[in-house]
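Only one structure is covered here, and it is reproduced in the block below.
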Amino acid sequence: MEYISTRNKNQSYSFKDIFLRGLAPDGGLFVPKNIKIYNEDEIKKLSELSYIELATEIIFNFCSSDITKTNLKNLIQKSYKIFSSEEVIKTNKIGDINLVELYHGPTLAFKDIAMQVLGNLYDELKVSANKTVNIIVATSGDTGSAAIAALNDRKNINVFVLHPDNKISKIQRKIMTTIGSDNIYNVAIKGSFDDCQKIVKDMFSENSFREKINMSGVNSINWARIVCQIVYYFYSAFKFKNKKINFSVPTGNFGDVFAGYMAKKMGLPIEKLIVATNENNILERAINSGEYKPSKVRQSLSPSMDVQIASNFERLLFDIVKNDDKKVSSLMSELSSNGSFSLDEEQKKIIKKDFCACKVSDKETLEIIKNIADKLDFIIDPHTATAVGASKKLNLMSETLILGTAHPYKFLETIKVATSKEVKMPNQLSNILDKKEKYDILENNISDVKSYILEKVK
Ligand SMILES: *Cc1c(COP(=O)(O)O)cnc(C)c1O
């Protein structure tokens with residue numbers, strides 16, 4: 009399969025290329041030139057597979073030129089061995105909530121599902137065989153720990169994780185800053201997640217720096233992440249067996265919900281993808297009014313969704329303008345020069361066919377957590393709560409699968425505010441909480457970050 013950039017479709021890249029690069033040299037995002045579309049019979053066959061088999065089938069479509077199916081299957085099997093659920097994910101029915109629990113990996117958030125595979129792909133594709141790869145990650149709280157868990161102690165790989173100082177939960181930070189060995193560097197940036205993401209994107213666009221440190225990235229702008237996430241849309245839809253299916257997705261950078269869109273494009277009969285946001289509702293505004301306009305990030309109870317520049321939205325744009333790379337480039341330059349762009353009526357209509365969006369405030373998030381705890385004796389995390397809230401407000405509960413993106417223990421402070429019910433500590437955390445944290449604090453400034461990295465990789 010060949011890949012192109014959303015800003016230049018004339019140059020093609022291999023899976024290995026785009027996996028290593030993360031971001032296209034023109035600042036665009038990589039997308040496949042064309043995708044596999046399953047017919048009804050094929051879908052039926054897929055529905056009979058185990059999670060590992062299904063993941064192998066789906067992911068293989070995207071990387072068959074660089075890896076054999078047998079190797080891929082072994083890699084996937086190895087990746088999910090440490091998950092506490094044998095099926096990788098769990099589907100659960102709690103009252104009127106059809107919950108898809110994606111948080112049974114080593115760092116208790118759905119990010120593990122893709123990241124564990126990515127970690128093994130670095131070895132499989134031999135990208136670090138002769139030369140150290142430096143992976144730079146921006147995190148709003150969960151990507152960082154998932155990356156560290158996946159890449160810890162790997163030969164010839166260093167990981168630099170940038171998180172916004174004081175803007176993630178204590179347990180998120182603890183997991184991230186205590187589990188790493190010598191190849192892991194945690195950096196708290198005095199800024200927001202968007203600032204962290206901008207530093208990383210700018211470093212990727214700076215060819216000389218990127219080449220100098222042999223830089224790679226595992227943020228959700230890395231297409232391989234999206235590919236791994238497509239799998240659970242299929243798997244959970246098969247379990248649900250409802251004729252009509254929507255997914256409600258707690259959304260920040262638009263990566264997870266874009267994987268759902270891909271699943272739909274590949275033939276999975278999904279009605280609507282519900283984009284659930286917190287008060288950082290750029291996507292809710294973009295979908296409902298057509299104006300894509302980042303504003304200042306506000307800290308919320310669902311920190312992993314405190315994003316105003318939803319990078320993966322560019323992939324959707326590229327698709328709705330029918331792969332017109334010039335159009336995407338011009339919208340993106342409008343965004344950087346004017347601070348916003350607007351979709352026309354036709355584009356809005358296309359998006360609304362597949363998506364709806366809803367904002368859920370912190371106050372509502374707390375109420376939802378409390379209600380479910382009181383009435384159903386079940387605790388959900390604040391991110392998952394936004395997906396429940398969005399689906400309830402849109403009156404779509406009975407036909408909607410809620411993606412549960414994090415384990416509530418990760419957000420214990422918020423759970424304690426919402427309800428007096430106890431959350432049992434998951435086993436994964438038992439030997440983390442007393443460990444000493446290790447991280448450095450840097451100004452929100454790309455040159456400081458570059459000097460820091462250069463100093464460490466010397
Ligand atoms: C990352 C994250 C999200 C948002 O996912 P995107 O792919 O960035 O939209 C939602 N919930 C949790 C718990 C997360 O870690």
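Numbering of the sequence shown is given in the working numbering, commencing with residue 9 and proceeding in unit increments. Ideal placement from N, C-alpha and C gives every residue a C-beta, glycine not left out.
Report task. Taking only the alpha-carbon atoms, compute the straight-line gap between Ile387 and Glu342 and give it to the nearest angstrom. Result -> Ile387 and Glu342 have their C-alpha atoms spaced approximately 43 Å apart.
Query raised in the report: Where do the N-terminal and C-terminal ends of the alpha helix (DSSP H) with Glu292 fall, by residue?
Result: For Glu292, the uninterrupted alpha helix (DSSP H) run begins and ends at Ile290 to Ser297, by DSSP.
Query raised in the report: What is the rounded straight-line gap between the Cα of His391 and the Cα of Gly275?
Result: In a straight line, the C-alpha of His391 is about 28 Å away from that of Gly275.
Query raised in the report: So is the beta-carbon of Ala414 under 7 Å away from any non-hydrogen atom of ligand 1?
Result: Yes - ligand 1 has a heavy atom lying nearer than 7 Å to the Cβ of Ala414.
Query - Secondary structure of Thr99, DSSP reduced to three states - result: Under the three-state reduction of DSSP, Thr99 is assigned to strand.
Query raised in the report: DSSP state of Asp385, grouped into three classes?
Result: Here Asp385 carries a coil assignment [DSSP, helix/strand/coil].
Query raised in the report: Less than 7 Å between the CB of His112 and some heavy atom of ligand 1, yes or no?
Result: Not under cutoff, so the answer is no.
Query raised in the report: Would the C-beta of Phe201 count as close to ligand 1, meaning under 7 Å from any of its heavy atoms?
Result: For Phe201, the shortest separation between its Cβ and any heavy atom of ligand 1 does not lie below 7 Å.
Requested in this report: For the region 276-283 and the region 299-311, state whether three or more C-beta atom pairs, one from each stretch, are separated by less than 8 Å.
Outcome: No contact exists between the region 276-283 and the region 299-311.
Query - Closest by C-alpha distance to Asn16, when choosing among Gly30, Glu10, Asp34 and Leu441 - result: Ranking Gly30, Glu10, Asp34 and Leu441 by Cα distance to Asn16 puts Asp34 first.
Query raised in the report: Does the Cβ of Glu463 have 16 or more other Cβ atoms within 10 Å, making it buried, or fewer, making it exposed?
Result: Exposed: under 16 other Cβ atoms inside 10 Å.
Query raised in the report: Going by C-alpha distance, which of Ser189, Ala271, Pro277 and Val265 is nearest Asn250?
Result: Residue Pro277 is the option with its Cα nearest to Asn250.
Query raised in the report: Relative to ligand 1, is the shortest distance from any of its heavy atoms to the C-beta of Ala158 smaller than 7 Å?
Result: Closer than 7 Å to some heavy atom of ligand 1: that does not describe the Cβ of Ala158.
Requested in this report: Give the secondary structure of Gln307 by DSSP, where H, G and I count as helix, E and B as strand, and everything else as coil.
Outcome: Of the three classes helix, strand and coil, the one that applies to Gln307 here is coil, per DSSP.
Query raised in the report: What number of angstroms, rounded off, separates the C-alpha of Val425 from the C-alpha of Thr413?
Result: Computed Cα separation, rounded: 20 Å.
Query raised in the report: For Glu94, does the count of other Cβ atoms within 10 angstroms reach 16, so buried, or fall short, so exposed?
Result: Residue environment analysis places Glu94 among the exposed positions, since fewer than 16 neighbouring C-beta atoms fall within 10 angstroms of its C-beta.
Query raised in the report: Taking the beta strand (DSSP E) that Tyr193 falls in, what are its first and last residues?
Result: The continuous beta strand (DSSP E) containing Tyr193 extends over residues Ile192 to Ile197.
Report task. Specify, as a first and last residue, the run of the alpha helix (DSSP H) that Pro390 falls within. Result -> Here the alpha helix (DSSP H) through Pro390 covers Pro390 to Lys401.
Requested in this report: Starting from the Cα of Glu353, find the closest Cα among Lys367, Gly298 and Lys400 and give me that residue.
Outcome: Measuring from the Cα of Glu353, the nearest candidate turns out to be Gly298.
Query raised in the report: Glu451: buried (16+ other C-beta within 10 angstroms of its C-beta) or exposed?
Result: Exposed.
Requested in this report: State the Cα-Cα distance for the pair Thr14 and Glu61, rounded to the nearest angstrom.
Outcome: Those two C-alpha atoms are separated by around 31 Å.
Query raised in the report: Span of the beta strand (DSSP E) holding Asp202?
Result: Element bounds for Asp202: not the beta strand (DSSP E) but the alpha helix (DSSP H), Phe201 to Ser213.
Query raised in the report: Does the distance from the C-beta atom of Lys301 to that of Ser337 stay below 8 Å?
Result: Not a contact, by the Cβ cut-off of 8 Å.
Query raised in the report: From the beta carbon of Lys418, is the nearest beta carbon of chain B less than 8 Å away?
Result: Of the protein chains in this structure there is only one, and it is not chain B.
Query raised in the report: Just how far apart, CA to CA, sit Asn164 and Asp370?
Result: Those two C-alpha atoms are separated by around 42 Å.
Requested in this report: May I have a chain-ordered list of the alpha helix (DSSP H) segments no shorter than 4 residues that lie completely inside the region 18-59?
Outcome: The qualifying runs are 23-29 and 48-54.
Query raised in the report: Assuming Lys252 and Asp362 make a contact with CB atoms under 8 Å, what is their CB distance in whole Å?
Result: About 14 Å separates the Cβ atoms of Lys252 and Asp362, ruling out a contact at the 8 Å cut-off.
**Report entry** Alpha-carbon spacing of Phe255 relative to Val108, whole angstroms
**Finding:** C-alpha separation (whole angstroms): 10 Å.
Query raised in the report: Candidates Thr373, Tyr88, Ala267 and Lys334: which alpha carbon is nearest Trp499's?
Result: This structure cannot speak to residue 499, because the chain is shown only from 9 to 466.
Query raised in the report: At a cut-off of 7 Å, is Ala117 close to ligand 2 when judged by its beta-carbon and the heavy atoms of the ligand?
Result: In terms of ligand content, the structure shown lacks ligand 2 and carries ligand 1 instead.
**Report entry** Residue range of the unbroken alpha helix (DSSP H) whose run includes Leu339
**Finding:** From DSSP, the alpha helix (DSSP H) with Leu339 extends over Asp333 to Asn346.
Query - Among Arg181, Asn82 and Ile144, nearest to Ile229 - alpha-carbon criterion - result: With distances taken between CA atoms, Ile229 lies nearest to Ile144 out of Arg181, Asn82 and Ile144.
Query - Any alpha helix (DSSP H) of 4 or more consecutive residues that is wholly inside the region 133-184 - result: Runs found: 151-159.
Requested in this report: Could you tell me which of Ile105, Pro434 and Ile45 sits nearest to Lys400, measuring between CA atoms?
Outcome: Checking every option, the nearest Cα to that of Lys400 belongs to Ile105.
Query raised in the report: For Val226, which option in Ile454, Gly30, Glu219 and Ile440 has the closest C-alpha, if you only look at C-alpha atoms?
Result: Ranking Ile454, Gly30, Glu219 and Ile440 by Cα distance to Val226 puts Gly30 first.
Query raised in the report: Going straight from the alpha carbon of Ser177 to that of Ser20, what length do you get?
Result: Between the alpha carbons of Ser177 and Ser20 lies a distance of about 40 Å.
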